[in-house]
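Engineer:
8 protein chains.
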Amino acid sequence: RRRGIPEAILAEGKTPAEVAALTTTAVETTGRALVTRADADDAAAVRTAFTAGPDADDELSAAVDHDERTRTVVVHGDEFTPPSLDATVAVVAAGTADAAVAGEAAIVAREIGATVDRVDDVGVANLDRILDQRDRIAEADVVVVAAGREGALSTVVAGLVDAPVIALPVSTGYGVGGEGVAALQGALQSCSVLTAVNVDAGFVAGAQAGLIARAVDAARRD
Amino acid sequence: RRRGIPEAILAEGKTPAEVAALTTTAVETTGRALVTRADADDAAAVRTAFTAGPDADDELSAAVDHDERTRTVVVHGDEFTPPSLDATVAVVAAGTADAAVAGEAAIVAREIGATVDRVDDVGVANLDRILDQRDRIAEADVVVVAAGREGALSTVVAGLVDAPVIALPVSTGYGVGGEGVAALQGALQSCSVLTAVNVDAGFVAGAQAGLIARAVDAARRD
Amino acid sequence: RRRGIPEAILAEGKTPAEVAALTTTAVETTGRALVTRADADDAAAVRTAFTAGPDADDELSAAVDHDERTRTVVVHGDEFTPPSLDATVAVVAAGTADAAVAGEAAIVAREIGATVDRVDDVGVANLDRILDQRDRIAEADVVVVAAGREGALSTVVAGLVDAPVIALPVSTGYGVGGEGVAALQGALQSCSVLTAVNVDAGFVAGAQAGLIARAVDAARRD
Amino acid sequence: RRRGIPEAILAEGKTPAEVAALTTTAVETTGRALVTRADADDAAAVRTAFTAGPDADDELSAAVDHDERTRTVVVHGDEFTPPSLDATVAVVAAGTADAAVAGEAAIVAREIGATVDRVDDVGVANLDRILDQRDRIAEADVVVVAAGREGALSTVVAGLVDAPVIALPVSTGYGVGGEGVAALQGALQSCSVLTAVNVDAGFVAGAQAGLIARAVDAARRD
Amino acid sequence: RRRGIPEAILAEGKTPAEVAALTTTAVETTGRALVTRADADDAAAVRTAFTAGPDADDELSAAVDHDERTRTVVVHGDEFTPPSLDATVAVVAAGTADAAVAGEAAIVAREIGATVDRVDDVGVANLDRILDQRDRIAEADVVVVAAGREGALSTVVAGLVDAPVIALPVSTGYGVGGEGVAALQGALQSCSVLTAVNVDAGFVAGAQAGLIARAVDAARRD
Amino acid sequence: RRRGIPEAILAEGKTPAEVAALTTTAVETTGRALVTRADADDAAAVRTAFTAGPDADDELSAAVDHDERTRTVVVHGDEFTPPSLDATVAVVAAGTADAAVAGEAAIVAREIGATVDRVDDVGVANLDRILDQRDRIAEADVVVVAAGREGALSTVVAGLVDAPVIALPVSTGYGVGGEGVAALQGALQSCSVLTAVNVDAGFVAGAQAGLIARAVDAARRD
Amino acid sequence: RRRGIPEAILAEGKTPAEVAALTTTAVETTGRALVTRADADDAAAVRTAFTAGPDADDELSAAVDHDERTRTVVVHGDEFTPPSLDATVAVVAAGTADAAVAGEAAIVAREIGATVDRVDDVGVANLDRILDQRDRIAEADVVVVAAGREGALSTVVAGLVDAPVIALPVSTGYGVGGEGVAALQGALQSCSVLTAVNVDAGFVAGAQAGLIARAVDAARRD
Amino acid sequence: RRRGIPEAILAEGKTPAEVAALTTTAVETTGRALVTRADADDAAAVRTAFTAGPDADDELSAAVDHDERTRTVVVHGDEFTPPSLDATVAVVAAGTADAAVAGEAAIVAREIGATVDRVDDVGVANLDRILDQRDRIAEADVVVVAAGREGALSTVVAGLVDAPVIALPVSTGYGVGGEGVAALQGALQSCSVLTAVNVDAGFVAGAQAGLIARAVDAARRD
Ligand SMILES: Nc1ncnc2c1ncn2[C@@H]1O[C@H](COP(=O)(O)O)[C@@H](O)[C@H]1O
Ligand SMILES: Nc1ncnc2c1ncn2[C@@H]1O[C@H](COP(=O)(O)O)[C@@H](O)[C@H]1O
Ligand SMILES: Nc1ncnc2c1ncn2[C@@H]1O[C@H](COP(=O)(O)O)[C@@H](O)[C@H]1O
Ligand SMILES: Nc1ncnc2c1ncn2[C@@H]1O[C@H](COP(=O)(O)O)[C@@H](O)[C@H]1O
Ligand SMILES: [Mg+2]
Ligand SMILES: [Mg+2]
Ligand SMILES: [Mg+2]
Ligand SMILES: [Mg+2]
Ligand SMILES: [Mg+2]
Ligand SMILES: [Mg+2]
Ligand SMILES: [Mg+2]
Ligand SMILES: [Mg+2]
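Written as structure tokens, this is what we have:
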């Protein structure tokens with residue numbers, strides 16, 4: 401029971417060998433895998449596992465796609481057919497520092513099959529930027545908003561569009577309320593309607609957006 | 401721009417007179433109003449405002465529905481036609497103490513037009529109860545799970561159904577992690593995919609569920 | 401050395417008799433007094449102290465002005481000439497629940513001699529309201545922004561005007577980050593430039609705005 | 401007075417030389433020692449102390465067993481006869497990341513003399529896995545449940561078996577409530593009856609389980 | 401599946417009518433009930449439910465025992481045969497202020513069938529008092545230690561006896577670390593082996609002690 | 401809309417390449433840039449971008465000024481004319497450890513055009529030092545006070561001068577309240593009137609001081 | 401073993417009857433008693449216990465001294481000879497709101513036998529007041545400093561005198577760091593040498609000052 | 401005004417060059433210096449400054465004493481005559497991990513001139529160890545107790561001796577309440593009379609003990 405969410409291996413706290421083994425099992429049993437919070441060693445170990453050589457699995461052939469910025473590795477077994485949903489997820493990011501976490505969310509939503517529209521660099525210190533993108537965001541079926549520091553962007557976006565909004569706080573900011581804590585508390589206290597995931601939980605935000613996209617897609621197909 | 405969410409007046413921290421005035425304005429401008437966290441005095445003031453008498457507004461005639469358990473007052477102007485969506489929200493509650501907050505979520509979702517299915521008293525200390533309701537919950541388009549103390553029910557439900565799940569932590573429990581804090585942190589740390597609202601934020605959970613129901617309904621009508 | 405700030409008596413935690421005695425001393429020595437966080441009993445005791453009768457001070461005659469909403473009592477001895485500055489403070493409030501704290505700030509700034517412009521009900525859930533007031537706020541020499549819950553309004557205002565902005569978090573919101581904590585942390589993490597005072601510290605925000613107004617006034621008179 | 405618990409040296413915060421010296425003393429006086437949270441250098445220093453060579457203690461001969469995964473070193477002097485209890489401890493772990501801490505608990509319980517049954521990879525995101533192991537766990541006299549993130553597994557297990565359950569929160573999870581905090585608070589708020597140890601305190605959980613096993617063993621021998 | 405633990409109704413946060421209804425159901429289905437954190441009104445409502453009169457259940461006859469100090473109500477249906485275990489629980493309390501919470505633990509353990517030995521007023525500010533009771537406590541199969549403020553008593557007791565110790569922090573103490581927080585953290589950091597329950601969780605401590613007593617009793621009967 | 405504040409790039413959490421690129425854009429569009437929290441690599445990358453060579457921008461020629469102590473890099477395009485205000489900012493620091501953060505504030509205020517007067521090493525453990533500087537500080541139009549540990553200096557300075565004071569807590573101090581937390585809370589609780597910025601937020605304190613200086617300068621020119 | 405400290409009964413959380421009984425026992429066994437945090441009912445119950453009448457103890461005759469402001473009751477049995485030390489404790493308070501807690505400390509120190517010198521209303525917002533009292537405070541053998549909000553007074557005093565200083569944080573201040581938390585953290589982070597007691601722990605500060613006075617007195621008598 | 405406390409340079413957060421410069425100044429102006437929290441580089445820089453060579457100060461000749469375990473460097477100029485007090489400080493440590501912090505306290509007290517008696521390895525998990533040392537500790541004029549984890553030792557010692565006790569929490573322990581937090585809160589909540597310093601603040605504890613020793617010495621000389 402995976403709800404269309406790819407089996408995800410959280411690389412942090414695991415050795416590259418463990419990551420590679422869990423990835424191999426996931427590809428064997430579900431056709432694909434998604435490694436999150438992977439560093440270069442984790443990615444190399446995964447790549448090696450799917451490449452001819454002493455450590456590789458002879459039976460398994462797969463496309464391995466490592467994205468350094470988001471620290472994800474996507475593996476598609478050669479037999480795997482990616483799902484495709486008739487639904488769109490907008491992934492909105494406030495600034496440069498929010499782009500990596502937003503990217504993780506985007507990759508997960510895409511793996512679930514949604515069309516993803518990225519809207520970057522629209523922090524509220526300059527309101528014109530987000531107001532300019534309002535119509536584009538309003539076209540999505542569900543919106544993820546990645547923002548750190550005080551995270552005001554998620555409140556503003558949820559005040560601008562009709563679709564459900566998921567706030568994705570990012571671990572920026574120093575001092576009291578830093579590391580995403582103020583952004584998360586701001587989402588929980590938002591005077592616009594939205595739900596939240598934990599700080600830096602791009603995987604969860606993207607997956608929940610994907611689940612909503614699946615529900616919309618299924619309804620469209622009814 | 402209300403996204404189909406009724407104008408909501410948070411009664412706490414306002415005088416009954418302020419509550420009644422804001423409610424009247426909402427009914428005048430949007431046809432209805434929802435008062436949350438209302439006590440008996442707030443409810444009485446609202447009722448008086450819509451009843452013939454010196455304090456009443458002559459032009460306004462409305463049905464006033466006060467639910468003591470959930471502390472909500474729903475007001476529908478006589479002209480108001482409630483929306484009706486082709487989409488279902490399941491509202492699941494762990495125990496007796498979670499029922500009031502769950503009820504607030506249910507009322508909001510219903511006001512947005514969703515069909516609401518209440519599933520009560522399925523706390524995880526006795527797993528059979530929730531397993532017995534699995535098929536019923538699986539029929540909903542979106543699920544709200546209200547649970548206090550350690551809030552494990554939301555993780556369990558999100559592991560059982562395909563629909564998006566919204567965790568609604570409830571302010572039960574004493575000592576460290578009490579008053580819903582452990583339940584909220586548990587939702588943020590959940591090993592199943594879900595999003596969270598703040599402790600006791602039944603309004604927000606129900607409204608977000610309603611927004612998802614609206615998206616599904618719109619897709620069904622496509 | 402009072403920097404033009406009226407002697408302020410924080411009534412909370414003091415008996416009405418203590419409040420009245422401290423107020424009398426302040427009026428005797430500085431010509432006026434400001435009581436903050438006063439309840440009805442504190443106000444009555446102060447009023448009695450400046451009215452003919454057994455408890456009244458024969459020598460002292462003063463105008464006593466009690467504002468219930470902001471819980472302040474302003475006392476001006478008959479000899480007192482209020483200062484008047486050639487400088488304006490805008491006091492901006494997000495919603496009804498923020499008005500009392502904003503009002504406390506406004507009274508202090510006015511006592512220091514500033515012209516105060518109140519801008520109410522411009523919360524960011526509906527951006528049009530604040531955008532509509534932008535030009536008006538831009539005319540002030542310094543701006544105080546009172547907002548509770550996630551407090552996003554202070555970030556937005558500081559992105560719209562050139563004047564220095566002081567964020568005044570208000571103790572609204574329940575659950576994690578409630579009681580003004582998220583609003584304060586949001587101000588400390590703001591991606592616009594601003595400084596902050598503690599939750600509900602209307603007196604401090606108004607006094608600092610008054611000090612800036614004094615500096616501007618002095619410069620204008622140079 | 402050690403209650404059958406091996407003298408334990410917490411290696412963290414000590415130099416390898418200090419660890420080796422304390423271990424030697426423990427073996428000399430009690431016949432054995434247990435080093436916890438040992439890194440490779442600590443283990444090497446201990447091994448050296450019990451091996452012929454300039455740093456070794458001539459009189460002391462011992463079996464040194466270093467387990468990298470659990471970061472423990474078990475040392476049994478040649479004269480030492482391990483205790484053996486007629487009682488079983490089940491050590492249940494939610495996922496891969498919980499295995500190391502669970503392993504520390506298992507080693508301590510085994511050193512006290514209990515039979516240990518390890519049940520791994522039964523996290524609640526997939527309830528079938530834990531339900532499948534229910535009968536096996538129910539055979540133990542006492543159960544330790546190691547789980548990180550939201551730690552819901554300990555509540556679920558305590559709802560499934562009659563034996564006393566000890567929750568062992570594990571320092572996984574990022575963001576708010578991460579590093580085991582949510583898991584610990586969840587255990588303290590659990591709606592099933594259980595007691596808790598601190599985050600990652602495998603030693604304490606295993607030792608308490610061992611003490612209960614000793615009580616059961618003594619009663620069996622009555 | 402109750403593990404011999406009486407069905408417990410937490411009265412706090414429930415109306416007396418709800419408490420009485422839940423108690424009645426528990427007595428009907430399990431022969432008895434235990435109400436915790438009950439005030440006078442809760443106790444009266446329960447008593448009324450089991451007494452001839454309009455609100456009483458004709459079929460149900462039961463002994464109702466309300467203990468004001470511990471805020472518990474124990475109800476035994478006339479048919480109910482209390483269990484009796486061949487095992488002893490010592491319940492140790494530091495001072496007067498800890499006695500009520502200790503009493504709650506004692507009542508639960510007794511309801512599970514254990515023999516309970518109460519040791520009061522042995523706080524560590526005067527070590528002689530606890531040293532004098534050492535032999536008596538050492539006779540128990542399991543020990544609960546109720547202590548507030550810094551809670552040092554639980555560490556001291558666990559250093560004096562061989563049996564498993566359960567620390568029960570009590571919500572005494574003011575200022576930082578007050579309300580039982582320091583006592584709970586002290587238990588989690590204890591340099592003696594013990595497990596902990598949440599602040600004031602007398603029910604949980606007593607129930608876990610009862611489960612251990614049941615395990616010992618079963619082993620004795622083997 | 402920059403209010404005269406230089407575009408600032410927070411280097412922390414960005415790669416040197418990203419920092420250089422953002423700096424280049426800022427110089428191209430606004431004539432200058434300010435990099436904060438820059439390490440040696442960030443500074444080198446910026447310098448390279450404005451120096452002839454393969455990575456350099458041919459069109460752009462600029463003066464690059466790296467200050468190691470404050471971790472700032474100031475870049476002025478050759479065309480850029482620095483602003484000059486008729487207003488003074490005093491930047492007061494308690495001790496050696498506060499000097500770097502104070503320096504960041506000073507640089508920002510200077511970039512905005514203010515005259516900056518640095519007053520160092522006047523911690524309150526020796527009151528004579530600050531009393532000796534009182535007249536000098538009193539000449540400034542606005543004062544920034546950088547202090548760590550308990551941060552008492554900001555309260556003392558705000559009691560000595562008439563100008564508005566901005567408290568800048570510094571992340572010194574170990575243990576509870578360390579890393580600037582006590583200093584920030586002390587500023588928020590100050591019994592003198594002042595506003596605060598977050599711990600180590602030299603940029604924000606300096607920028608707000610600069611905004612006040614701009615207001616004063618504009619008034620002087622009226 | 402009481403170290404010359406009177407047996408103290410903390411009235412909070414005890415019934416008046418319990419307080420009276422513990423007080424009676426203390427007077428019987430040690431000749432006197434000190435009740436702290438007593439309300440009017442506690443005081444009345446104690447007074448009654450030492451007055452002829454049905455509830456009074458015939459054998460016990462004592463002077464009962466209730467101080468409302470400090471919430472203490474001092475009871476001296478008729479036989480009791482108060483100790484008298486050749487040592488002085490200065491008790492310094494910042495403002496009106498600190499006087500009650502300071503008074504509790506003073507009473508305890510006096511009961512131990514020290515000469516107490518009270519210095520009130522010397523908060524640091526006006527440095528002249530404390531500088532004026534410097535020589536007087538410098539005459540004491542040990543100094544207690546009671547201050548709330550940011551508590552800067554304790555740092556300032558410890559910078560002015562040679563004697564050991566005990567910081568006594570007071571639970572004033574609202575918002576973040578309020579209720580004495582900032583004052584306590586400020587004491588723990590003080591850049592002057594001092595030790596601290598918990599918020600509002602006048603009893604502990606006074607008792608420790610009394611212990612130091614006893615040591616000095618004993619040395620003087622050598 | 402140093403109260404007999406050596407000028408102390410906190411090396412953490414300073415460069416070795418800064419540490420050496422501040423040390424040199426201190427020796428020049430006060431005859432000696434104490435560097436705390438020094439690493440090897442800091443110590444080397446200090447040593448070099450007082451040794452013939454290019455970096456050395458020709459005029460200054462001094463004895464430099466670096467203690468690695470406590471991370472302190474004591475520097476006595478050749479002219480410096482160490483003070484000598486007729487008073488004793490006992491420095492008591494719970495375990496190996498507490499010895500370094502205890503050592504820092506001991507060095508400071510000794511520099512102030514007190515006789516220091518070190519009592520090590522008397523943690524309360526084995527009460528006999530501390531009871532055995534009771535008479536020895538009782539001979540001191542003032543006692544410092546260094547203990548980490550739950551810090552119960554300070555409460556126990558303050559219950560055993562008449563002298564004033566200073567609790568010195570140590571940053572041991574992992575998980576919730578770890579890093580000395582539980583030990584500090586335990587000291588603040590202690591049911592014995594004592595005062596506290598911050599976690600790991602050996603310098604402050606030793607200096608305050610030294611100030612008390614000075615007061616006792618002065619009284620002895622009266
Ligand atoms: N970046 C992530 N954040 C949160 N949860 C994740 C993340 N990556 C994977 N997961 C979840 O963690 C589970 C795997 O955990 P593990 O067994 O520790 O690898 C997956 O099934 C996902 O549900
Ligand atoms: N991993 C651990 N977690 C908690 N307590 C431990 C651990 N390892 C050892 N201990 C306890 O710490 C004591 C040793 O502490 P120490 O003197 O610092 O080595 C032992 O007696 C054990 O009771
Ligand atoms: N106001 C107070 N603050 C802190 N400790 C106190 C206070 N009053 C009494 N105590 C201490 O608490 C002990 C009495 O506690 P109890 O047995 O609860 O009455 C006394 O022996 C004192 O050591
Ligand atoms: N280990 C320490 N812990 C606390 N305070 C210290 C320590 N070492 C030095 N100090 C204090 O810090 C001051 C020096 O601070 P700084 O100017 O940052 O070097 C000294 O005057 C001491 O009062
Ligand atoms: Mg890895
Ligand atoms: Mg109301
Ligand atoms: Mg009052
Ligand atoms: Mg080591
Ligand atoms: Mg009730
Ligand atoms: Mg960088
Ligand atoms: Mg009472
Ligand atoms: Mg250094």
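Protein chains in written order, with our numbering: chain A, 401 to 622; chain B, 401 to 622; chain C, 401 to 622; chain D, 401 to 622; chain E, 401 to 622; chain F, 401 to 622; chain G, 401 to 622; chain H, 401 to 622. Backbone N, C-alpha and C define an ideal beta-carbon position, used for all residues, glycine too.
Kindly indicate which three-state DSSP category D/Ala444 falls into: helix, strand or coil?
Structural biologist: Three-state DSSP puts D/Ala444 in a helix.
Engineer: Indicate whether at least one CB of chain E lies closer than 9 Å to the CB of D/Arg614.
Structural biologist: yes
Engineer: How about H/Arg432: is its C-beta nearer than 9 Å to some C-beta of chain G?
Structural biologist: no
Engineer: H/Thr572: which of H/Val599, H/Asp617 and H/Arg621 sits nearest, CA to CA?
Structural biologist: H/Val599
Engineer: Would you say B/Asp442 lies against chain A (beta-carbon separation less than 9 Å)?
Structural biologist: no
Engineer: Please name the residues in the segment 583–600 of chain F whose beta-carbon is closer than 7 Å to at least one beta-carbon of chain G, in chain order.
Structural biologist: Gln585, Gly586, Leu588, Gln589, Ser590, Cys591 and Ser592
Engineer: Out of E/Leu527, E/Asp441 and E/Gly578, state which residue places its alpha-carbon closest to the alpha-carbon of E/Ala554.
Structural biologist: According to the sequence displayed, residue 554 of chain E carries Ser and not Ala. That would be E/Leu527, whose Cα lies nearest to the Cα of E/Ser554.
Engineer: Could you name the residues of chain C that B/Val581 contacts, counting a contact when the two beta carbons are closer than 9 Å?
Structural biologist: Ordered by position in chain C, the residues that pass the 9 Å Cβ test against B/Val581 are Gly575 and Val576.
Engineer: Comparing C-alpha positions only, which one of D/Ala411, D/Val593 and D/Arg437 sits nearest to D/Arg471?
Structural biologist: If we check each option's Cα against that of D/Arg471, D/Arg437 comes out closest.
Engineer: Check whether chain C comes within 9 Å of A/Ala538, counting only Cβ atoms and requiring the distance to be less than that.
Structural biologist: So, not an interface residue.
Engineer: Distance cutoff 9 Å, beta carbons only. Does G/Leu611 sit that close to anything in chain E?
Structural biologist: no
Engineer: Return the Cβ separation of C/Ile530 and C/Pro483 in integer angstroms, given the expectation that the two are a contact with Cβ distance under 8 Å.
Structural biologist: That pair is no contact at about 31 Å.
Engineer: Is the Cβ-Cβ distance between B/Leu611 and B/Gly404 less than 9 Å?
Structural biologist: yes
Engineer: Does DSSP put D/Ile612 in a helix, in a strand, or in coil?
Structural biologist: Note: D/Ile612 maps to helix in three-state DSSP.
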